[in-house]
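Below is one structure, written out as structure tokens; the observations come after it.
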């Protein structure tokens, strides 16, 4: 029995707003301006008491705002650290489960024999060509199918090139060219499925190891729990 759920419900960083930058005029600048004003005031016409009190009140408000801003920054950082810890723990707990992800990468191994090439069609397709390429972009093979229905489809690649020779182990890619009866393009979206065998964290992104390939969390559409 399979129980599927969107990956967002299992692993989704909590969004927090970034604090706004500090005011252009900091409290040190404000103090400097106030002292300079007092030094250069006209002795015959000094700053009135109520004006001085008002300026001090402004300084106090500015200091309070800066302190609030600092507290917000510290709170946002703490939230991010907590979210990262939670998400990493959650990701590790998904090892052993299977996933579905938007990807066109094939990590071919001769021991596999064949590879399933999955894709979702936006509509019925009269003809579908799946073009398999190597890492240099050279075409390795082309698989052709006809009359495929809208939705999830899979075609099998036997791990051979156009000449019928077995290809070497390594990374390959596939693209899907789907056409309707009027030879108009039908949207086709490649995907892969596989068991999560590991998790990697780099560049602030989480990657699942599936079929020997790194799959970014952002491309995962389903986590599948097989009982």
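Residue numbers (the numbering used here): 20 to 246. All C-beta atoms in this analysis are idealised placements derived from N, C-alpha and C, irrespective of residue type, glycine included.
- Rounded to whole angstroms, residue 170 and residue 157 show a C-alpha spacing of 28 Å.
- When the beta-carbon positions are compared, residue 231 and residue 178 stay at least 8 Å from each other.
- The residue from 205, 164 and 159 with its alpha-carbon nearest to that of residue 142 is 205.
- Closest option to residue 196, judged by alpha-carbon separation, among 165, 187 and 244: 165.
- The Cβ neighbour count for residue 229, taken over all protein chains shown within 10 Å, is at least 16; the residue is labelled buried.
- Secondary structure note for residue 137: its beta strand (DSSP E) is the uninterrupted segment 134-140.
- A straight-line Cα-Cα distance of about 12 Å links residue 192 and residue 134.
- Going by beta carbons, residue 119 and residue 241 fall inside the 8 Å limit.
- The residues 114 and 228, in chain order, have a CB closer than 7 Å to that of residue 217 in the same chain once the five nearest residues on each side in sequence are set aside.
- Cβ neighbours of residue 111 within its own chain (closer than 6 Å, five residues either side excluded): 218.
- Residue 155 and residue 235 have their alpha carbons spaced roughly 22 Å apart.
- Counting only runs of 3 or more residues that sit fully inside the segment 129-214, the beta strand (DSSP E) segments are 134-140, 144-153, 158-167, 170-176 and 189-198, in chain order.
- Rounded to the nearest angstrom, the gap between the Cα atoms of residue 89 and residue 203 is 57 Å.
- Taken through DSSP and simplified to helix, strand or coil, residue 217 comes out as strand.
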